Amino acid sequence: MLTLLILLLAPLLGAVGVLIAARWGRGAAALAAGAPALAVLVALVAAAPGILDGEVLRLRAAWVPALGLDMALRLDALGWLFGMLVAGVGLLVVLYAYYYLPASDGLGRFYALLLAFMASMLGIVSSGNLLLLVVFWELTSVSSFFLIAYWARGEVSARIGARTAFAVTGGGGLALLGGVLLLGQAAGGFDLDVVLGAGERIRESPLYLPALTLVLLGAFTKSAQWPFHFWLPAAMAAPTPASAYLHSATMVKAGVFLLARLHPALAGTDAWVIAVGGAGMLTLLFGAYAALWQHDLKGLLAYSTISHLGLITMLLGFGTGTAVMAAVFHIVNHATFKASLFMAAGIVDHEAGTRDMRRLNGLARAMPWTATLAVVAAGAMAGVPLLNGFLSKEMFFAESLEAPGPGGLRWIGPAAALLYGVMSVAYSARFVMVFFNGALMPATAHEPPRFMRVPIELLVALCVIVGTIPSLTVGPALIAATRDALQAPAPYVSLAIWHGFNLPLMMTLVALAGGIVMYRHRERLYRMHDRHVPGFSTTILFARSVKSMERRAARFTATLETGSLSRSTAVLLAVTLAMGALVLATRGGAPVSPVTGPGADAASIVIWALLATAAVAAARWHAHPLRALVAASVVGLFVALAFVRLSAPDLALTQLLVEVVTILVLLLALHHLPQRTPGAEQRHGQRAWQRLVAARDLVLAGGIGAGAAALTWAVLRRPVHGGGPVSELAAYYLRESKPKGGGTNVVNVILVDFRGFDTLGEITVLACAAIGAAVLLERMKPAGDAPERPHAPDAHPPVLAALTRPFLPFALMLSAFLFLRGHDLPGGGFVAGLLAAVALASQYLTSGIEWTTERLRIDARRWLATGVLLAAATGAGALLFDRPFLTSFYDYAHIPAIGAVGAGSTFLFDLGVALAVFGAVLLMLERLGLIGRMRDIGAATPAAEVPADEVAPDVRAVDR
Numbered sequence: 001m002l003t004l005l006i007l008l009l010a011p012l013l014g015a016v017g018v019l020i021a022a023r024w025g026r027g028a029a030a031l032a033a034g035a036p037a038l039a040v041l042v043a044l045v046a047a048a049p050g051i052l053d054g055e056v057l058r059l060r061a062a063w064v065p066a067l068g069l070d071m072a073l074r075l076d077a078l079g080w081l082f083g084m085l086v087a088g089v090g091l092l093v094v095l096y097a098y099y100y101l102p103a104s105d106g107l108g109r110f111y112a113l114l115l116a117f118m119a120s121m122l123g124i125v126s127s128g129n130l131l132l133l134v135v136f137w138e139l140t141s142v143s144s145f146f147l148i149a150y151w152a153r154g155e156v157s158a159r160i161g162a163r164t165a166f167a168v169t170g171g172g173g174l175a176l177l178g179g180v181l182l183l184g185q186a187a188g189g190f191d192l193d194v195v196l197g198a199g200e201r202i203r204e205s206p207l208y209l210p211a212l213t214l215v216l217l218g219a220f221t222k223s224a225q226w227p228f229h230f231w232l233p234a235a236m237a238a239p240t241p242a243s244a245y246l247h248s249a250t251m252v253k254a255g256v257f258l259l260a261r262l263h264p265a266l267a268g269t270d271a272w273v274i275a276v277g278g279a280g281m282l283t284l285l286f287g288a289y290a291a292l293w294q295h296d297l298k299g300l301l302a303y304s305t306i307s308h309l310g311l312i313t314m315l316l317g318f319g320t321g322t323a324v325m326a327a328v329f330h331i332v333n334h335a336t337f338k339a340s341l342f343m344a345a346g347i348v349d350h351e352a353g354t355r356d357m358r359r360l361n362g363l364a365r366a367m368p369w370t371a372t373l374a375v376v377a378a379g380a381m382a383g384v385p386l387l388n389g390f391l392s393k394e395m396f397f398a399e400s401l402e403a404p405g406p407g408g409l410r411w412i413g414p415a416a417a418l419l420y421g422v423m424s425v426a427y428s429a430r431f432v433m434v435f436f437n438g439a440l441m442p443a444t445a446h447e448p449p450r451f452m453r454v455p456i457e458l459l460v461a462l463c464v465i466v467g468t469i470p471s472l473t474v475g476p477a478l479i480a481a482t483r484d485a486l487q488a489p490a491p492y493v494s495l496a497i498w499h500g501f502n503l504p505l506m507m508t509l510v511a512l513a514g515g516i517v518m519y520r521h522r523e524r525l526y527r528m529h530d531r532h533v534p535g536f537s538t539t540i541l542f543a544r545s546v547k548s549m550e551r552r553a554a555r556f557t558a559t560l561e562t563g564s565l566s567r568s569t570a571v572l573l574a575v576t577l578a579m580g581a582l583v584l585a586t587r588g589g590a591p592v593s594p595v596t597g598p599g600a601d602a603a604s605i606v607i608w609a610l611l612a613t614a615a616v617a618a619a620r621w622h623a624h625p626l627r628a629l630v631a632a633s634v635v636g637l638f639v640a641l642a643f644v645r646l647s648a649p650d651l652a653l654t655q656l657l658v659e660v661v662t663i664l665v666l667l668l669a670l671h672h673l674p675q676r677t678p679g680a681e682q683r684h685g686q687r688a689w690q691r692l693v694a695a696r697d698l699v700l701a702g703g704i705g706a707g708a709a710a711l712t713w714a715v716l717r718r719p720v721h722g723g724g725p726v727s728e729l730a731a732y733y734l735r736e737s738k739p740k741g742g743g744t745n746v747v748n749v750i751l752v753d754f755r756g757f758d759t760l761g762e763i764t765v766l767a768c769a770a771i772g773a774a775v776l777l778e779r780m781k782p783a784g785d786a787p788e789r790p791h792a793p794d795a796h797p798p799v800l801a802a803l804t805r806p807f808l809p810f811a812l813m814l815s816a817f818l819f820l821r822g823h824d825l826p827g828g829g830f831v832a833g834l835l836a837a838v839a840l841a842s843q844y845l846t847s848g849i850e851w852t853t854e855r856l857r858i859d860a861r862r863w864l865a866t867g868v869l870l871a872a873a874t875g876a877g878a879l880l881f882d883r884p885f886l887t888s889f890y891d892y893a894h895i896p897a898i899g900a901v902g903a904g905s906t907f908l909f910d911l912g913v914a915l916a917v918f919g920a921v922l923l924m925l926e927r928l929g930l931i932g933r934m935r936d937i938g939a940a941t942p943a944a945e946v947p948a949d950e951v952a953p954d955v956r957a958v959d960r
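The sequence shown begins at 1 in the working numbering and counts up one residue at a time.
Laid out in structure tokens, this is it:
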């Protein structure tokens, strides 16, 4: 259990810690980043004896049991081996990045992203539930996006590469989610043990082919299989430490890990052999061929990575036990020599100033030690004897000779393997020769700092050690990982450097000789390639496809979005009505219970009639914003009165405060909008058009109103599980609120306990909306259509300011009072947050933004983030006690002279709600207030002095 917790928590906590440590310098950041990686590595090494002997570590916490989603962690030998790669290479990358990234880079952000990615990868290899695996899968896409785009501000290629990688791998993640859902249906559950044990059932299910297709799409996009390979070369815009980590040992290996992980459930059919083996073979040959023509060192390594991923995929596609062992072996070998080669390419770029091989020659004279390391690593990539790459490549040749397939076509596998072997030697030789060809160029090249080479030295040492004594080094791990991948005893394979003169050895020798010959005749091959091979690029095809879809979407949107808010709303409402009518026509109405209870009294009828009148007035006065706002506020007031009439004081209190906040926000917004609706004068005389629009609005409003009323009626009268009406559900909450939730205010108990998941989602949506609004308002300035509008930015009425300043502490005390009593009496976190925000907003309005912020120093963004994180952390705390997410705890503490005092985890959750609401409201009010500040700055700054890129767009009214 401890090992699994360290696996996930160490890098996650380290990602936070490194941001703090970065304040004390680069060295502190590097130590803070290396510590969690080292902790994971130590934990895995400590657990090795048991895992290699067949033990499976498990940790389970219920999350959403009804959906089959548990926080289930499971670590066997296959996951352990991948975890060692993720943590080991990650630790070396931390050291390498310290010297590679410029001194001006504080390293905090890079290390935090690196550790977040490490946690996501470790989550994939240790997931015991397929749905949880998909969650971590998508987290790798998100974190890798930020790593690839690390230099996005200075390099366009970084932005393009990050977007391309995210689009392809993110789309593959959606396909994987669909495949996992189908797999769960076919297997009878999402637990990994259940899925792996239901192989026969899955393969015989009609869902097998669709599930296989979707899962393979997810794996192929992540592991850059053709034709989804193009994101990987584009991702070379990332800093070299990120490339060495993502594209050697971690991200690109996630796809092949998934294929190995699900091998018992999906392999063993012709569809698997054809799809996986065929895709691997195409990728193997395409990547090797494309690598021959690259001039960038990282570009060559990127395409060679694609080729090696194709080799691993092709082996897994063969489906035999020995092929799976060869695939796992090459995964390990590729991680060691490819990470070292990426680091060597980074050193060349760092110390010579370029990665273009046409501008590099004779580097061994200036950096002999780096050249030696690069030559050994490239030799492993080429499959030179006594290096680890030779062993797994020879196993690949042997498996290709035994590849399944029709008798007349079985030669294709060996032929493809041999052709790949020749090309891999050729591009490896091209990489090596930048250190030896001709005179030194550039003359400024030199060796890197001593410790910058340490990661390469360790990786190259592994290449040599594994290549000479494989059975003593990786043998036990390979056997155990293959056993757990197959869910069966591992086949016997002789891990030795000499098996006599046999056909695989002859293929290796032919590949070495052929590759050298190909390299020596490369100029002739370049001319043939340029003359006969069309300049087709899937990267360009993808970019053009995206542009085409954007143009088509823009044209389609332009037919609906004409700048008219009423037209856009009309389209939305019409589609909603049509969909509702379609459902009603095809499925009929829902069953309802008989009508019971008292009818409406006279007071209620009067309230609803006045409410309807105010709503009609608000719609009628739409062209007069202030009148419409007053009418809408009256609507809100009558809604609050209706809540009071229906004995819902919590809702009434919330509604009143929401109305106050709404008035403040809309008043600020209306003040900055144009005083006249653009185009209103031109349409003033178009009576026929106005009548047509009015008729359209009347029909849509009537339809939506009737539909909403009918839907509400049906929901309120719909039978629930026991066959009774919804009132029985209400009776359950009334009965169980105190014993199960610890409170007598049923509304608050529902919000923070019974339906806490909904509330967490709502404050998350609120946070996203507030951040989105703040970003949109950040660079806007008021429209300049009404110069006659009175504006006195510095004139705050002293009498009003004097009255509201003493009001602030009393309002905050009332907010705290409502919060503390909310679990038993009307109040709670939402109301408290709104009231505190209104109190602060009154200071903004009467004393000004600057005066208030200088004295109170409130950062709305931090309050917002703290609230959401506190609510989420409270829910996650239940997992530590082996309880489902958001399970509440409630008990009584007996205090002398006071008695029993209730205490529960919902207090912290409700506090998070209050802080989130407070921060969201303040953030939007602050941004609206700052628009006026931009007016003042713009008035004080001559137009000629304002840079062109600093001119913000006008705030425009949206016409009908």
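The beta carbon of each residue, even a glycine, is placed where N, CA and C say it ideally should be.
None of the values given here were measured: they were computed from a predicted structure.
- If you draw a 10 Å sphere on the C-beta of Glu-399, you find 16 or more other C-beta atoms in it, and that means buried.
- Rounded to whole angstroms, the gap between the alpha carbons of Gly-123 and Leu-78 is 13 Å.
- Here Arg-159 has Ala-149, Ala-152 as same chain residues with Cβ atoms under 7 Å from its own Cβ, once five neighbours each way along the sequence are excluded.
- Checking the DSSP bridge columns, you'll see Ser-127 partnered with Leu-73.
- Within the stretch 90-172, the runs of alpha helix (DSSP H) at least 4 residues long that lie entirely inside it are, in chain order, 108-126, 130-148.
- Restricted to the stretch 810-878, the alpha helix (DSSP H) segments that are unbroken, complete and at least 4 residues in length are 829-847, 849-856, 860-877, listed in chain order.
- Annotation for Val-384: no alpha helix (DSSP H) segment contains it, and DSSP assigns it neither H nor E.
- Taken atom to atom, the span from the alpha-carbon of Ala-490 to that of Gly-475 is near 12 Å.
- Counting C-beta pairs closer than 8 Å gives fewer than three between the stretch 104-122 and the stretch 195-211, which falls short of the contact rule.
- For Leu-301, the three-state secondary structure derived from DSSP is helix.
- Judged by DSSP secondary structure, Asp-484 falls within the alpha helix (DSSP H) whose first and last residues are 475-486.
- Selection Val-40, Ala-21, Gly-34, Arg-551 evaluated against Leu-2 yields Val-40 as nearest (Cα-Cα).
- Taking the C-beta atoms as reference points, Met-507 is found nearer than 9 Å to Leu-418.
- With 16 or more other Cβ atoms from the protein chains shown falling within 10 Å of its own Cβ, Thr-370 counts as buried.
- Its chain contains Pro-455 as the residues whose beta carbon lies nearer than 6 Å to that of Leu-92, once the 5 sequence neighbours on both sides are disregarded; these appear in chain order.
- In the three-state reduction of the DSSP assignment, Trp-498 falls in the coil class, being assigned neither a helical nor a strand state.
- Judged by DSSP in its simplified three-state form, Asn-437 adopts coil rather than helix or strand.
- A Cβ-Cβ contact shorter than 9 Å links Phe-117 with Leu-147.
- Leu-19 and Gly-580 have their alpha carbons spaced roughly 50 Å apart.
- Residue pairing by DSSP places Leu-57 opposite Leu-75 in a beta bridge.
- Runs of the alpha helix (DSSP H) lying entirely within the stretch 232-287, each at least 4 residues long, are 240-246, 251-261, 263-266 in chain order.
- Per DSSP, reduced to three states, the secondary structure at His-894 is strand.
- C-alpha of Ala-801 to C-alpha of Phe-807: approximately 10 Å in a straight line.
- Note on geometry: alpha-carbon atoms of Val-142 and Val-775 lie some 21 Å from one another.
- The beta-carbon distance between Leu-292 and Ser-307, rounded to whole angstroms, is 10 Å. This is too long to meet the 8 Å contact definition.
- Between the alpha carbons of Glu-138 and Gly-173 lies a distance of about 6 Å.
- When DSSP reads this structure, Asn-748 sits in no beta bridge, so it has no partner.
- Within a 10 Å sphere around the beta-carbon of Thr-712 sit fewer than 16 other beta-carbons, which makes this residue exposed.
- Contact check for Ala-244 against Met-343 passes: the beta carbons are separated by less than 9 Å.
- Residue state for Ala-224 is assigned as coil, using DSSP reduced to three classes.
- If you check the CB distance, Leu-95 and Ala-30 come in under 9 Å.
- The continuous alpha helix (DSSP H) containing Gly-17 extends over residues 2-21.
- In the pairwise beta carbon analysis, the stretch 468-485 is classified as not touching the stretch 375-384: fewer than three pairs are separated by under 8 Å.
- If you draw a straight line from the Cα of Glu-351 to the Cα of Met-236, it is about 18 Å long.
- Here the alpha carbon of Leu-766 sits roughly 14 Å from the alpha carbon of Phe-757.
- Counting along the chain, the unbroken alpha helix (DSSP H) around Glu-778 starts and ends at 756-778.
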